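Student: In the working numbering, the protein residues as written are 39 to 109. Where a beta carbon is used, it is the ideal one built from N, C-alpha and C, also for glycine. The model shown is predicted, which means the values in this text are computed figures rather than measured ones.
#1: Short of 6 Å in beta carbon distance, which residues of its chain neighbour residue 109, apart from the five on each side in sequence? Order them along the chain.
#2: Just how far apart, CA to CA, sit residue 43 and residue 65?
#3: Counting only runs of 3+ residues fully inside the segment 50-75, write out the beta strand (DSSP E) ranges in chain order.
#4: Can you grab the Cα-Cα spacing for the pair residue 88 / residue 45, in whole Å?
#5: Here's the rule I'm using: 16 or more other beta-carbon atoms within 10 Å means buried, otherwise exposed. How should residue 81 be labelled?
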């Protein structure tokens, strides 16, 4: 990790998780805050959202991104 920004988050069960502070899509930062409270992290580029556990929870327009059966 060295110089890579990370997000450190306390989970609902009290455990701690850390993950890279970047969106999987375009590597934009998902958090610019030094500290705080949130229920999700959202990429400012395309709006992909991640839960506090780092899992992708929403991709805007995804159901309409490709016609049915193309992918």
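Tutor: So, to answer that:
#1: With a pLDDT of only 48 at residue 109, under the threshold of 50, the placement of this residue in the model should not be trusted; the figure read from the coordinates follows. Hits under 6 Å: none found.
#2: 11 Å
#3: 54-58
#4: 12 Å
#5: buried
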